[in-house]
Amino acid sequence: MAGLLHRYLLSLDDEELDDAWTAGLFTDDAVVAFPVSRHQGADGMAAYHRSALSAFAATQHLGSPAVVELDGPRATLRANLISTHVHHAHHALPQGSLPPLFATGTFVNGEARRTPEGWRLNLLAFRLLWADGSPPPPAR
Numbered sequence: 001m002a003g004l005l006h007r008y009l010l011s012l013d014d015e016e017l018d019d020a021w022t023a024g025l026f027t028d029d030a031v032v033a034f035p036v037s038r039h040q041g042a043d044g045m046a047a048y049h050r051s052a053l054s055a056f057a058a059t060q061h062l063g064s065p066a067v068v069e070l071d072g073p074r075a076t077l078r079a080n081l082i083s084t085h086v087h088h089a090h091h092a093l094p095q096g097s098l099p100p101l102f103a104t105g106t107f108v109n110g111e112a113r114r115t116p117e118g119w120r121l122n123l124l125a126f127r128l129l130w131a132d133g134s135p136p137p138p139a140r
């Protein structure tokens, strides 16, 4: 289960997020809940993540080792996460008005289920602990 979280975080920074990505990580009824938005269900999961990540020129997600508790075909996990988001040049100084980076510290809670295809995440919930810099302006 810790491997699922690590794969998820790494993939956000350096992989193609498509339906195969979704199927390899999530159950059909999975929920991903961030402080500012959430998505439920495998349908549209990759597009939801691509849209969120497109607000930045680059990202880097660094997670702590996850604490995993198994309970038969279910598991829970907890971890800390530091995310660094690089603003697009037109938003960042000197072209724009934002500092170049927006960094956050979050606490991650997750749940996974054993499926016929293997373990899959059915919940990732992120709770903001701190932020430094400014988030991107709303999309127009």
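Using the UniProt record's numbering, you'd call the opening residue of the sequence shown number 1 and step up by one each time. C-beta: ideal position from N, C-alpha, C; glycine also. Computed from a predicted structure; not experimentally measured.
- Message: Using CA atoms only, rank isn't needed, just tell me which of G24, L53, S64 and T59 is closest to V108.
- Response: Mapped onto the sequence shown, residue 108 falls at position 108. Among G24, L53, S64 and T59, the Cα nearest to that of V108 belongs to S64.
- Give the range of the alpha helix (DSSP H) segment to which D13 is assigned. Within the sequence shown, the letter at position 13 stands for residue 13. Unbroken alpha helix (DSSP H) run through D13: A2 to D14.
- Query: For the UniProt domain "SnoaL-like" (4-121), which segments carrying the alpha helix (DSSP H) assignment without a break, of at least 4 residues, lie completely within its bounds, in sequence order?
  - Reply: For the UniProt domain "SnoaL-like" (4-121), whole alpha helix (DSSP H) runs of length 4 or above, ordered along the chain, are 19-25 and 45-53.
- Message: Quick check on DSSP: helix, strand or coil for A139?
- Response: As a working note, residue 139 is residue 139 in the sequence shown. Three-state result, A139: coil.
- With distances taken from CA atoms, which of G105, H91, Q95 and L124 is nearest A139? Translated into positions along the sequence shown, residue 139 becomes position 139. Across the set G105, H91, Q95 and L124, the C-alpha of H91 shows the shortest separation from the C-alpha of A139.
- Message: Taking 8 Å as the limit between beta carbons, can you name the residues of its chain near P73, skipping five residues before and five after?
- Response: For this step, residue 73 is matched to residue 73 along the sequence shown. Closer than 8 Å at the Cβ level, and outside the excluded window around P73, lie R113 and R114.
- Message: Three Cβ pairs or more, each shorter than 8 Å: is that satisfied between the segment 17-28 and the segment 95-103?
- Response: In short, these stretches do not touch, since the Cβ pair count stays below three.
- Message: Given this structure, state the Cα-to-Cα distance separating L12 from E69, to the nearest angstrom.
- Response: Within the sequence shown, residue 12 is the residue found at index 12, counting from 1. Within the sequence shown, residue 69 is the residue found at index 69, counting from 1. One C-alpha to the other measures close to 24 Å.
- Indicate whether E111 and L123 have their beta-carbon atoms separated by less than 8 Å. Walking along the sequence shown from the start, residue 111 turns up at place 111. Walking along the sequence shown from the start, residue 123 turns up at place 123. Yes; because the gap between Cβ atoms is below 8 Å, this pair is in contact.
- Is the beta carbon of R38 sitting closer than 8 Å to the one on L17? As a first step, residue 38 is located in the sequence shown; it is residue number 38 there, counting from the start. As a first step, residue 17 is located in the sequence shown; it is residue number 17 there, counting from the start. It is not a contact, given that the beta carbons lie outside the stated cut-off.
- Option nearest A131 by Cα separation, candidates A55, L5 and T84: In the sequence shown, the residue the question calls residue 131 occupies position 131. Relative to the Cα of A131, the nearest Cα in the group A55, L5 and T84 belongs to T84.
- List the whole-angstrom C-beta distance separating A46 from T22, where the pair is believed to meet the contact cut-off of C-beta under 8 Å. Walking along the sequence shown from the start, residue 46 turns up at place 46. Walking along the sequence shown from the start, residue 22 turns up at place 22. Between A46 and T22 the beta-carbon gap is near 5 Å, inside 8 Å, which marks them as a contact.
- Quickly, what does DSSP pair L123 with across the bridge? List them, please. As a first step, residue 123 is located in the sequence shown; it is residue number 123 there, counting from the start. V31 and E111, per the DSSP bridge assignment.
- Closest residue to L5 among A79, P35 and P136 (Cα-Cα distance): Position 5 of the sequence shown, counted from the start, is the residue given in the question as residue 5. With distances taken between Cα atoms, L5 lies closest to A79.
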